[in-house]
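Peer 1:
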Amino acid sequence: MGIDLHIHSNASDGTLTPPEILSLAAKLQLGAIAITDHDTIDGVKQALQFGIPPSVQFLTGVEISATPPPLFHCPGSFHILGYGIRPEDPALNHTLFQLQDARRNRNPRIIERLNNLGIDLTLEQVRQIAGDGLLGRPHIARLMVQKGFADSINDAFDNYLAKGKPAYVDKFRVDTSQAISLINAAGGIPVLAHPYLLESESEKKLEELIVTMKAMGLKGLEVYYPDHPPEHTALYVRLAKKHDLLMTGGSDFHGALKPEIQLGTGRGDFFVPYAFYEELQHQL
15 MGIDLHIHSN ASDGTLTPPE ILSLAAKLQL GAIAITDHDT IDGVKQALQF GIPPSVQFLT
75 GVEISATPPP LFHCPGSFHI LGYGIRPEDP ALNHTLFQLQ DARRNRNPRI IERLNNLGID
135 LTLEQVRQIA GDGLLGRPHI ARLMVQKGFA DSINDAFDNY LAKGKPAYVD KFRVDTSQAI
195 SLINAAGGIP VLAHPYLLES ESEKKLEELI VTMKAMGLKG LEVYYPDHPP EHTALYVRLA
255 KKHDLLMTGG SDFHGALKPE IQLGTGRGDF FVPYAFYEEL QHQL
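Take the sequence shown: its position 203, counting from 1, is numbered 217 in this note's numbering, and each next residue is one higher.
#1: Which same chain residues end up closer than 6 angstroms to Ala200 when comparing Cβ atoms and leaving out the 5 residues on each side of it in sequence?
#2: Between which two residues does the beta strand (DSSP E) harbouring Val140 extend?
#3: Let's test the definition: count the other Cβ atoms within 10 Å of the Cβ of Gln71 and tell me whether it reaches 16, buried, or not, exposed.
#4: Per DSSP, what kind of secondary structure is Pro180 in: helix, strand or coil?
#5: Please report the straight-line C-alpha distance between Leu128 and Tyr288, rounded to a whole angstrom.
#6: Just to confirm, are Arg187 and Ser26 a CB contact at a threshold of 8 angstroms?
#7: What does DSSP give as the partner residue(s) for Val188 in the beta ladder?
#8: Relative to the C-alpha of Pro273, which candidate in Phe285, Asn168, Ala181 has its C-alpha closest?
#9: Name the DSSP beta bridge partners of Thr322, please?
#10: Our contact map puts Ile21 next to Ile49 with C-beta atoms below 8 angstroms; I'd like the distance itself, whole angstroms only.
#11: Quick check: the segment 129-141 against the segment 37-53, are at least 3 beta-carbon pairs closer than 8 angstroms?
#12: Answer with buried or exposed for His52, where buried requires no fewer than 16 other C-beta atoms within 10 angstroms of its C-beta.
#13: Express the C-alpha separation of Phe290 and Lys179 in angstroms, rounding to a whole number.
#14: Can you pull the DSSP bridge partners for Met261?
#15: Alpha carbon to alpha carbon, how far is Pro204 from Leu95?
#16: Suppose contacts are defined by Cβ-Cβ distances below 8 angstroms. Is Thr190 in contact with Met230 by that definition?
#17: Given a cut-off of 8 angstroms, decide if Glu236 and Leu206 are closer than it, judged by their beta-carbon atoms.
#18: For His242 and Tyr210, which I take to be in contact (beta-carbon distance under 8 angstroms), what is that distance rounded to the nearest angstrom?
#19: Straight-line CA distance for Gln112 to Asp56?
#20: Rounded to the nearest angstrom, what separates His87 and Leu223 at their Cα positions?
#21: Which whole-angstrom value describes the C-beta separation of Met227 and Ile194, a residue pair presumed to lie in contact below a C-beta threshold of 8 angstroms?
#22: Taking a contact to mean a Cβ-Cβ separation below 8 angstroms, would you say His268 touches Gly28 in this structure?
#23: Which residues mark the beginning and the end of the beta strand (DSSP E) in which Leu131 is found?
#24: Whose C-alpha, out of Thr54, Phe163, Val58, Ala181, is nearest the C-alpha of Glu34?
#25: Whose CA, out of Gly282, Leu232, Thr247, His153, lies closest to the CA of Ala270?
#26: Would you report the Cα separation of Thr31 and Ser69, rounded to the nearest angstrom?
#27: Cα-Cα, which of Glu292, Lys219, Leu175 is closest to Met15?
#28: Kindly indicate which residue of Ile197, Gly282, Tyr97, Gln60 has the alpha-carbon position closest to the one of Gly147.
#29: What would DSSP say about Leu85, mapped onto helix, strand or coil?
#30: Can you give the Cα-Cα distance for Gln160 and Ala170, rounded to whole angstroms?
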């Protein structure tokens with residue numbers, strides 16, 4: 015029985031509602047899931063209010079945007095997953111509100127830069143794409159594709175929206191140590207997300223990062239991820255065991271935003287063992 019512990023709903027940049035995700039997980043006979051939206055737990059709260067199907071185990075979750083620790087650099091956002099958090103924790107909710115506010119303030123500036131490049135979009139048009147979710151760059155990219163300004167979402171990022179591109183605008187992020195502390199204080203388990211995407215210089219550098227973060231309170235490593243090559247997955251398993259970290263895995267499902275990635279199975283050959291959920295649950 016497989017699980018999926020990295021899922022985005024339309025509360026952030028996914029396209030399915032939390033109830034739709036729960037129903038799909040039950041249909042696919044997944045043993046356990048976690049909704050891990052970017053910088054918000056609104057989707058988690060909606061799922062709990064809707065009711066969890068009896069056949070699916072559910073972990074509360076979040077994916078926090080953070081700045082990398084000192085002396086370590088990465089090309090994009092540095093993401094810390096948090097599992098088993100208390101959804102009503104005041105400190106966590108306060109910080110997530112700050113991060114959401116930073117995202118909201120960033121969007122008009124991105125639209126302005128695109129307009130200056132001759133790309134005719136409005137913030138209201140992007141809001142129609144996002145619906146009730148937290149508006150972000152993926153929604154802007156979807157609108158660019160719809161209006162013919164980009165061939166695909168990846169094309170929109172590669173040419174306009176990614177870091178270093180003409181419409182990119184940086185945003186506020188919390189320190190890694192603060193993100194880890196917030197998750198721990200909210201009763202959760204902090205996990206370093208998709209280490210392969212960090213493009214670390216070497217195995218030694220990655221291990222140094224893990225040691226640094228464990229000293230901050232890190233408790234897990236996302237070892238299974240659709241973009242992890244097999245040799246890297248094996249490396250992350252070794253590092254997790256060596257440094258006594260929990261192992262997790264998930265598809266990073268976004269619905270129609272990433273249609274090639276399916277819930278639970280990624281590109282069709284992805285599988286995360288149920289034992290990972292059991293180990294997490296044991297530590298909560």
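The C-beta atom is built at its ideal place from N, Cα and C for all residues, glycine as well.
Peer 2: Answer, in terms of the structure:
#1: Translated into positions along the sequence shown, residue 200 becomes position 186. These residues qualify, in order along the chain: Ile99, Arg100, Asp103, Leu106.
#2: Position 126 of the sequence shown, counted from the start, is the residue given in the question as residue 140. Counting along the chain, Val140 falls outside any beta strand (DSSP E), though it belongs to the alpha helix (DSSP H) covering 137-144.
#3: Mapped onto the sequence shown, residue 71 falls at position 57. Gln71 is buried by the Cβ-count criterion.
#4: Reading the sequence shown from its first residue, position 166 is the one you call residue 180. DSSP places Pro180 in coil when its eight states are reduced to three.
#5: By 1-based counting over the sequence shown, the position of residue 128 is 114. By 1-based counting over the sequence shown, the position of residue 288 is 274. For the pair Leu128 and Tyr288, the Cα-to-Cα distance works out to about 44 angstroms.
#6: Your numbering for residue 187 matches position 173 in the sequence shown. Your numbering for residue 26 matches position 12 in the sequence shown. Using a Cβ distance threshold of 8 angstroms, Arg187 and Ser26 do not count as a contacting pair.
#7: Within the sequence shown, numbered from 1, the residue matching residue 188 stands at position 174. Per DSSP, Ala80.
#8: To locate residue 273, count along the sequence shown from 1; it is residue 259. Cα-wise, what sits closest to Pro273 is Asn168.
#9: The chain is shown from 15 up to 298; residue 322 falls before or after that span and cannot be answered.
#10: In the sequence shown, residue 21 corresponds to position 7, counting from 1. In the sequence shown, residue 49 corresponds to position 35, counting from 1. That belief holds up - the Cβ atoms of Ile21 and Ile49 are roughly 5 angstroms apart, short of 8 angstroms.
#11: Result no; under three Cβ-Cβ pairs closer than 8 angstroms.
#12: Within the sequence shown, numbered from 1, the residue matching residue 52 stands at position 38. Buried: at least 16 other Cβ atoms inside 10 Å.
#13: Numbered from its first residue, the sequence shown carries residue 179 at position 165. Numbered from its first residue, the sequence shown carries residue 290 at position 276. Taking the straight line joining both Cα atoms gives about 38 angstroms.
#14: Here residue 261 refers to the residue found at position 247 when the sequence shown is read from its first residue. In the DSSP assignment, the residues bridged to Met261 are Leu235.
#15: As a working note, residue 204 is residue 190 in the sequence shown. As a working note, residue 95 is residue 81 in the sequence shown. Pro204 and Leu95 have their alpha carbons spaced roughly 6 angstroms apart.
#16: Here the question's residue 190 lines up with position 176 in the sequence shown. Here the question's residue 230 lines up with position 216 in the sequence shown. Taking the C-beta atoms as reference points, Met230 is found nearer than 8 angstroms to Thr190.
#17: On the sequence shown, residue 206 is found 192 positions in, with the first residue counted as 1. On the sequence shown, residue 236 is found 222 positions in, with the first residue counted as 1. Yes, these two residues count as a Cβ contact at 8 angstroms.
#18: The count along the sequence shown starts at 1 and reaches residue 242 at position 228. The count along the sequence shown starts at 1 and reaches residue 210 at position 196. Yes, they are in contact, since the Cβ atoms of His242 and Tyr210 sit about 5 angstroms apart, within 8 angstroms.
#19: Here residue 112 refers to the residue found at position 98 when the sequence shown is read from its first residue. Here residue 56 refers to the residue found at position 42 when the sequence shown is read from its first residue. Within the model, the alpha-carbon separation for Gln112 versus Asp56 is close to 14 angstroms.
#20: Mapped onto the sequence shown, residue 87 falls at position 73. Mapped onto the sequence shown, residue 223 falls at position 209. His87 and Leu223 have their C-alpha atoms roughly 10 angstroms apart.
#21: Mapped onto the sequence shown, residue 227 falls at position 213. Mapped onto the sequence shown, residue 194 falls at position 180. Confirmed, about 7 angstroms.
#22: The residue labelled residue 268 in the question sits at position 254 within the sequence shown. The residue labelled residue 28 in the question sits at position 14 within the sequence shown. A contact, by the Cβ cut-off of 8 angstroms.
#23: Taking the sequence shown and counting its residues from 1, the one referred to as residue 131 is at position 117. For Leu131, there is no enclosing beta strand (DSSP E), as DSSP marks it with neither H nor E.
#24: Within the sequence shown, the letter at position 20 stands for residue 34. Closest option to Glu34, Cα to Cα, is Val58.
#25: Position 256 of the sequence shown holds residue 270. It is His153.
#26: As a first step, residue 31 must be located in the sequence shown, where it is residue number 17. As a first step, residue 69 must be located in the sequence shown, where it is residue number 55. Cα-Cα distance, rounded: 19 angstroms.
#27: For this step, residue 15 is matched to residue 1 along the sequence shown. If we check each option's Cα against that of Met15, Glu292 comes out closest.
#28: If you number the sequence shown from 1, residue 147 lands on position 133. The option with the nearest alpha carbon to Gly147 is Gln60.
#29: For the purposes of this step, residue 85 is identified with residue 71 of the sequence shown, where counting begins at 1. If DSSP states are grouped into helix, strand and coil, Leu85 belongs with coil.
#30: Locating residue 160 in the sequence shown gives position 146, counting from the first residue. Locating residue 170 in the sequence shown gives position 156, counting from the first residue. A straight line joining the alpha-carbon of Gln160 with that of Ala170 spans about 11 angstroms.
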